[in-house]
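Undergrad:
Residue numbers (our numbering): 28 to 156.
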C-alpha cells in the first residue's frame with residue numbers, strides 16, 4: 028500500500044476543469060478574454076476555453092459596426108456562452124455630430140443678455156414694461 032498517488036488523488040479531483048464554449052453573432056467576432064485576473068487575450072469565435080472550477084471569466088465581444096457585449100461568469104460547470112451583438116444604430120454619423128445640441132456652436136456667439144440680469148441682485152430697478 029505504498030501508493031504515492033494516494034494523498035494527492037482527492038485534491039486533484041477537487042479542482043475540476045470545465046469547458047467554456049463561446050459563440051457569437053455575427054460570425055468572426057473578436058472576443059477579449061480575461062480569466063481570473065490574468066492578462067487578457069483575444070480569440071475569434073467560435074472557440075472553446077478550459078477553465079478551472081471557480082475561476083471568474085470576463086468576455087468582451089467587439090465587432091466593427093456593433094455595440095460591445097460583455098459577459099462575466101464563474102466557472103461552475105460546462106457552459107456555452109452566446110454573445111449576441113446589437114448593431115449600432117443606423118444612420119451612421121461621424122462621432123461628434125451624433126448629438127443635435129447647439130451647445131458648442133453657441134459658445135462662440137453668446138446671446139445678448141436681457142437687461143433684467145444686471146439688476147436682479149438689487150431688486151429695486153424693474154425692467155421697463
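Ideal Cβ positions, reconstructed from N, Cα and C, are used throughout, including at glycine.
(1) State the Cα-Cα distance for the pair residue 26 and residue 85, rounded to the nearest angstrom.
(2) Rounded to the nearest angstrom, what separates residue 114 and residue 101 at their Cα positions?
(3) Report yes if the C-beta distance between residue 90 and residue 57 is below 9 Å; otherwise report no.
(4) Please determine, among 93, 109, 64, the residue with the shortest C-alpha to C-alpha distance to residue 75.
(5) How many angstroms separate the CA atom of residue 68 from the CA atom of residue 78?
(6) Count the other C-beta atoms from every protein chain shown that fall within 10 angstroms of the C-beta of residue 88, then say buried if there are 16 or more, exposed otherwise.
(7) In whole angstroms, what is the alpha-carbon distance linking residue 45 and residue 107?
(8) Can you tell me whether DSSP reads residue 48 as helix, strand or coil?
(9) Tell whether a beta-carbon distance below 9 Å holds between residue 111 and residue 51.
(10) May I have the straight-line CA-CA distance separating residue 116 from residue 93, to the nearest angstrom?
(11) My understanding is that residue 63 touches residue 82, with C-beta atoms under 8 Å, so please give their C-beta distance in whole angstroms.
TA: Checking against the coordinates, here is how it stands:
(1) In the structure as shown, the chain begins at 28 and stops at 156. Residue 26 is therefore absent and cannot be evaluated.
(2) 27 Å
(3) yes
(4) 109
(5) 14 Å
(6) buried
(7) 11 Å
(8) strand
(9) yes
(10) 9 Å
(11) 4 Å
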